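A short write-up of the structure that comes next.
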Amino acid sequence: MSAATATRPAQPAPPTPARTGELRGLGTLVRFALRRDRMRLPMWILGILLATVGTAVSFPASYPDAEARAGALLTIDNPGTTALIGAVYGDGDYTYGIITGHNLLVLISAIVALMSVFTLVRHTRAEEESERVELVRSGPVGRFAPTAAAMIVVIAANLVLALVLALGLGSPGIDTVTWAGSFVFGAAVGSVGLVFAGIAAVTAQMTENARTASSAAGLVLAAAYVVRALGDVSNETLSWFSPLGWAQATEPYYADDWAPLLLPVGAAVVLLVMAVALNRRRDVGAGVLGSRPGPARAGAGLRGPFGLAWRSNRGTLIGWTVGLGIFGLLYGPVLSEASTYLEDLPIMAEFMPDIDASGEELFAATVLLVGAILCAVPPLQVVLRLRAEEAAGRVGPLLTTPLPRWRWLGANLMLSVLGGAWLLTVLGFSIGLGAGHSMEDYSWVGTSTIAAVSYLPAVAVVMGLGALLLGWAPRIAAWSWALVGFAMIVAYFGGILDLPQSLMDASPFEHVPEQPAFDFDGRPLAWLSLVAVALSGVSLVGIRRRDVREA
Amino acid sequence: MNPAIEIRNLVKTFGPTRALDGVNLTVQPGQVHGFLGPNGAGKSTTIRVLLGLLRPDSGTATVLGGDAWTDAVALHHRLAYVPGDVSLWPNLTGGEAIDLFARLRGTADRHRRDDLIERFDLDPTKKGRTYSKGNRQKVAIVAALAADVELLVLDEPTSGLDPLMEAVFAEVIAEENAKGRTVLLSSHTLAQVEKLCEHISIIRSGRIVESGSLAQMRHLMRTTVDVVTADPVDLSGVAGVHDLADDDDGALRMDVDTEHLDEVIGHLHAAGIRSLQAHPPTLEQLFMRHYGSAETGERAAADTATARTGTAGDSQAADR
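Protein chains in written order, with my numbering: chain A, 1 to 551; chain B, 1 to 320.
Written as structure tokens, this is what we have:
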């Protein structure tokens, strides 16, 4: 500093960059976010770790020798399974390492992507929507600090997850499940998480609504899954357009190639920078895509509780309709390819000697089962949304009109069942159409639609469980998601994990005859329907007896 | 005539918390009844029991002759409610939400609805998520007031409203009351309660600590007197005089127990009154007296009286 300035009377110090910086308060906000998620994030990470390592250590038990592994390869190396979980890689020896990488990488990556999306939206758009962020930003906190804090937390969660996955997979010392491969696996999974953190960061900037932001990012994940499925089955280049494909390209426990991970890391950086740029262009609480005025009067449809339920869930149901339609039309054509593989396999006859079903039928049955479990998600969302509505304080005023509680819940259950039936129809119809078109046999449309709709009683049981908890134990209503997760695990891994039948029977979907591979049987469907009706009935009693709570 | 609202020994607990600890409350038909109390005293819990949203642990809550819990649906034809923190469906416009409530009640008076929307200057085309706090309140107020009901249950209905809209609200409530509607009004805007309510009840820690007409309660309180007399007057030792303050220019300020007012004025009269101002106790004083805990209640009341004296002095200075 020159002598001239030193002699001037003291002036107020100009604000230093540290005090006016756009990231001021970042450290505090990061700690705050971690404090808020002190249960949530560890549960995500622990759950993913246990699912991954638990499945990996079960493989040597399921396939004790080389012969069993070769058999597994034969049953699993077909377009149908490839579309679901990814392509087999390696040199023909289906080692425990490759079994682990092949079976788990895509699925676990997709779950980690969901963790990233939910966590990021929760700390960005959801905070803005609730106007809590205004409180934070009104303090001496930099403009990008809240967004940056959310990004840092999600990035950290993915790094921790990558590390614990690597340690968890490497430590049991399973033959061919190497340390090198385990670190590649963990890094691949974590990098997918980073990409979807970036995608969610961008969608969170676009809309004013947290649900829309999560849904949009979820849609990108679904697209990534389908693009990868198509690519793995037909055209490897296509898989390079999917973040899941980037993870697969590392081929953990075989090639152990780190290079493909440059793509997701690069993409994550670009997306996060994009999100910050978008953040700069908008006001607090606003979305890049604005909100338009609506009608000043209610239309004829918004009459009672059903009309309100429809308006509240319309967007979700339309989104799922489009998503399932695309899913079906893309998977349908894969059926015809599946047959050429499956039919020639002597092992199929060995595994299922008493099944009189073609390869197409077997594969169609599997795809329909997985699709049907997915179709249980929106109906359960319809029911659990009521809990969120209640906590937000929107149910109290509704129930101070002459609207009986059972009619309010009943209308929502009705929408839930109708929505489930509709989505199952869309699923079956679109798979049938896709398959029928490629095989030039349009009888598939009817077969597949009937098969899909036969899962409705199982879907209704899932909804019924959600309703039961809502009616009697609203605080733990969200636990009903566990049934969907369990059903998915049973459907994907029930066979390969050798789960006891009595445990698998806890999944309502296990009881539905897997058409078209198996014949229709009305009895289990009637039982499931009865269970669903009973659960719903008991829930209607519960909702009349309990307090309506806020928060 | 049966009371519009009658609560007897109402108890409601949430886990270990005893939110309502034997509440007794009576609201006669045609009353605008002010329901006051500090935050967390149990106002909203009482109201939610009256609305049949919470089930009482013990005691009775009777609304319009029916049981608040078991007859809820039938009673809801005859009452309307405005919560203190309105949450709207994010994807429904304000107009749609208002119409939904009207249809659920089955009493859609289109003219009344449009009139209220205009009076409250509400834009019904905005989506629920884009309304400000005050505008969300307006949506609920319009929805409730558009209903043709006997009883209005209002839980801090004007929180977030600007003074202009508060005035409109007071106007509309007075109109409703003139039509014979009963109103239970919980509010922290004491001036509003003082203006609208003939009767009030004060709740603290889950119990009603004061209930009755405002006039009655005022009688039990002290009147603040500002006086200038021709001759000096010695009031120390006169019964019913508190917080006597002597100004340099001969002006006196004191709080007088209402029952001793005549006696005190007699003393003043003997000394020759030059000017006299008497201020009736305000609702704020009444409220503040019950605000503190039971042990410090007296002290709180005394503190309030002191503070009040100061305010009175200021206003008098302005008068001069």
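A virtual CB, placed ideally from N, CA and C, is assigned to each residue, including glycine. No experiment lies behind these values; they were computed from the predicted model shown.
- Query: DSSP beta-bridge partners for Ile-208 of chain B?
  - Reply: On the second sequence, position 208 is the one that residue 208 of chain B refers to. Looking at the DSSP assignment, Ile-208 of chain B forms a beta bridge with B:Ile-203.
Going by the CB atoms, is the gap between Ile-47 of chain B and Val-27 of chain B shorter than 7 Å? Your numbering for residue 27 of chain B matches position 27 in the second sequence. Your numbering for residue 47 of chain B matches position 47 in the second sequence. Contact flag unset, no.
Taking 8 Å as the cut-off, does the segment 148-168 of chain B touch the segment 239-252 of chain A (at least 3 CB pairs, one atom from each stretch)?
no
query: Can you list, in chain order, the residues of the segment 254-266 of chain B whose Cβ is nearer than 8 Å to any Cβ on chain A?
result: none
Q) chain B partners of Asp-232 of chain A, CB-CB under 8 Å? A) On the first sequence, residue 232 of chain A is found 232 positions in, with the first residue counted as 1. Here the premise fails: no neighbours, minimum Cβ distance about 38 Å.
DSSP state of Met-39 of chain A mapped onto helix, strand, coil: As a working mapping, residue 39 of chain A is identified with position 39 in the first sequence. When DSSP states are grouped into helix, strand and coil, Met-39 of chain A belongs to the coil group.
So within the segment 10-73 of chain B, which uninterrupted beta strand (DSSP E) runs reach at least 3 residues, ignoring any that extend past its ends? 17-27, 32-36, 58-63
When the cut-off is 7 Å and only beta carbons count, does His-33 of chain B lie next to chain A?
-> Within the second sequence, residue 33 of chain B is the residue found at index 33, counting from 1. Cβ-Cβ to chain A under 7 Å: no for His-33 of chain B.
Please classify Asn-9 of chain B as buried or exposed, where buried requires at least 16 other C-beta atoms within 10 Å of its C-beta. Your numbering for residue 9 of chain B matches position 9 in the second sequence. By the neighbour-count rule (16 or more Cβ atoms within 10 Å), Asn-9 of chain B is not buried but exposed.
Open item on the list: In this structure, how does DSSP classify Tyr-81 of chain B when only helix, strand and coil are distinguished?
Closed with: For this step, residue 81 of chain B is matched to residue 81 along the second sequence. It is a strand residue.
| message | I'd like the list of long-range same chain contacts for Gly-432 of chain A, defined as Cβ closer than 6 Å, with 5 residues on each side in sequence excluded. | response | On the first sequence, position 432 is the one that residue 432 of chain A refers to. Excluding positions up to five away in sequence, the list reads Trp-444, Val-445, Ser-448, Thr-449.
**Asked** How many angstroms separate the CA atom of Thr-282 of chain B from the CA atom of Thr-400 of chain A?
**Response** Position 282 of the second sequence, counting from 1, holds the residue named residue 282 of chain B. Position 400 of the first sequence, counting from 1, holds the residue named residue 400 of chain A. The alpha-carbon atoms of Thr-282 of chain B and Thr-400 of chain A are separated by roughly 34 Å.
Please name the residue, chosen from A:Ala-296, A:Val-512, A:Gly-25, A:Val-383, that lies closest to Arg-137 of chain A on a Cα-to-Cα basis.
As a position in the first sequence, residue 137 of chain A is number 137, starting the count at 1. Taking only the C-alpha atoms, the option nearest Arg-137 of chain A is A:Gly-25.
Using 10 angstroms around the beta-carbon of Phe-14 of chain B, count the other beta-carbons present and answer buried if the total reaches 16, otherwise exposed. The residue given as residue 14 of chain B occupies position 14 in the second sequence. Answer is exposed; the Cβ neighbour count stays below 16.
ask   = beta strand (DSSP E) containing Asp-155 of chain B: first to last residue?
value = In the second sequence, residue 155 of chain B corresponds to position 155, counting from 1. Note, Asp-155 of chain B: beta strand (DSSP E), 151-155.
Strictly under 7 Å for the Cβ-Cβ distance: is Gly-250 of chain B near chain A by that measure? By 1-based counting over the second sequence, the position of residue 250 of chain B is 250. It does not; no Cβ of chain A falls within 7 Å.
| Cutoff 7 Å: Asp-319 of chain B Cβ touching any chain A Cβ | Working through the second sequence from its first residue, we reach residue 319 of chain B at position 319. At Asp-319 of chain B the pLDDT is 37, less than 50, meaning the model places this residue with poor confidence; the figure from the coordinates comes in the next sentence. False, the Cβ-Cβ gap to chain A never drops below 7 Å.
Helix, strand or coil at Lys-179 of chain B [DSSP, three-state]: Taking the second sequence and counting its residues from 1, one reaches residue 179 of chain B at position 179. Looking at Lys-179 of chain B - three-state DSSP - the assignment turns out to be coil, as it is neither helix nor strand.
| said: Please identify, using Cβ separations under 9 Å, the residues of the segment 79-97 of chain B that lie next to chain A, in order along the chain. | reply: Among the residues of the segment 79-97 of chain B, those with a Cβ less than 9 Å away from any Cβ of chain A are Leu-79, Ala-80, Tyr-81, Val-82, Pro-83, Asp-85, Val-86, Ser-87, Leu-88, Trp-89, Pro-90, Asn-91, Leu-92, Thr-93, Gly-94, Gly-95, Glu-96, Ala-97, in the order of the chain.
#### Entry: Distance between beta carbons of Glu-210 of chain B and Arg-181 of chain B, contact taken as under 8 Å
Here residue 181 of chain B refers to the residue found at position 181 when the second sequence is read from its first residue. Here residue 210 of chain B refers to the residue found at position 210 when the second sequence is read from its first residue. With 8 Å as the limit, Arg-181 of chain B and Glu-210 of chain B do not qualify as a contact, their Cβ atoms being about 24 Å apart.
Count the other C-beta atoms from every protein chain shown that fall within 10 angstroms of the C-beta of Val-288 of chain A, then say buried if there are 16 or more, exposed otherwise.
Counted from its first residue, the first sequence places residue 288 of chain A at position 288. Its Cβ having fewer than 16 others within 10 Å, Val-288 of chain A is exposed.
### Task
Kindly say whether Gly-542 of chain A, judged by its beta-carbon, lies nearer than 7 Å to any beta-carbon of chain B.
Within the first sequence, residue 542 of chain A is the residue found at index 542, counting from 1. Not closer than 7 Å to any Cβ of chain B, the Cβ of Gly-542 of chain A fails to qualify, so no.
| said: Which residues in chain A have a C-beta closer than 8 Å to the C-beta of Val-73 of chain B? List them in chain order. | reply: Sequence index remark: in the second sequence, residue 73 of chain B carries index 73 (1-based). Correct list: Pro-402, Leu-403, Pro-404.
Any beta-carbon of chain B closer than 7 Å to the one on Gly-294 of chain A? As a working note, residue 294 of chain A is residue 294 in the first sequence. Output row for Gly-294 of chain A: interface = yes.
Helix, strand or coil at Ile-174 of chain A according to DSSP, with G and I counted as helix: Position 174 of the first sequence, counting from 1, holds the residue named residue 174 of chain A. Coil.
- prompt: Ala-267 of chain A and Ala-517 of chain A: beta carbons closer than 7 Å?
  reply: Numbered from its first residue, the first sequence carries residue 267 of chain A at position 267. Numbered from its first residue, the first sequence carries residue 517 of chain A at position 517. No, they are not a contact pair.
query: Comparing alpha-carbon positions, which option in B:Leu-51, B:Asp-57, B:Ala-174 lies nearest Pro-16 of chain B?
result: For the purposes of this step, residue 16 of chain B is taken as residue 16 along the second sequence, with counting starting at 1. Selected option, being the one with the closest Cα: B:Asp-57.
Problem set entry | Cα-Cα separation between Phe-363 of chain A and Gln-515 of chain A, rounded to whole angstroms | As a first step, residue 363 of chain A must be located in the first sequence, where it is residue number 363. As a first step, residue 515 of chain A must be located in the first sequence, where it is residue number 515. Their Cα atoms are separated by approximately 10 Å.
Simplified DSSP assignment, three categories, for Arg-69 of chain A: Translated into the one-based positions of the first sequence, residue 69 of chain A becomes position 69. In this structure, Arg-69 of chain A counts as helix in the three-state DSSP scheme.
- Say whether chain B places a C-beta atom closer than 7 Å to the C-beta of Gly-393 of chain A. Your numbering for residue 393 of chain A matches position 393 in the first sequence. Cβ-Cβ to chain B under 7 Å: yes for Gly-393 of chain A.
Review point. At a Cβ threshold of 7 Å, is Arg-326 of chain B touching chain A?
Key: Residue 326 of chain B lies beyond the residue range present for chain B, which begins at 1 and ends at 320; the question has no answer from this structure.
In whole angstroms, what is the alpha-carbon distance linking Ile-141 of chain B and Arg-297 of chain A? Position 141 of the second sequence, counting from 1, holds the residue named residue 141 of chain B. Position 297 of the first sequence, counting from 1, holds the residue named residue 297 of chain A. About 16 Å.
| said: Within 7 Å of any Cβ in chain A, is that where the Cβ of Arg-222 of chain B sits? | reply: The residue given as residue 222 of chain B occupies position 222 in the second sequence. Cβ-Cβ to chain A under 7 Å: no for Arg-222 of chain B.
- Neighbourhood of Asp-314 of chain B by C-beta, 7 Å cutoff - its chain only, sequence neighbours within 5 removed: If you number the second sequence from 1, residue 314 of chain B lands on position 314. Only weak support is given to the placement of Asp-314 of chain B: the predicted model assigns it a pLDDT of 38, under 50, and the value that follows is read from those uncertain coordinates. Cβ within range, chain order: n/a, list empty.
- request: Determine whether the Cβ of Arg-103 of chain B lies closer than 7 Å to any Cβ atom of chain A.
  value: Counted from its first residue, the second sequence places residue 103 of chain B at position 103. Yes, because at least one Cβ of chain A sits closer than 7 Å to the Cβ of Arg-103 of chain B.
query: Using 7 Å as the limit for Cβ to Cβ distance, is Gly-419 of chain A near chain B?
result: One-based indexing of the first sequence puts residue 419 of chain A at position 419. Not closer than 7 Å to any Cβ of chain B, the Cβ of Gly-419 of chain A fails to qualify, so no.
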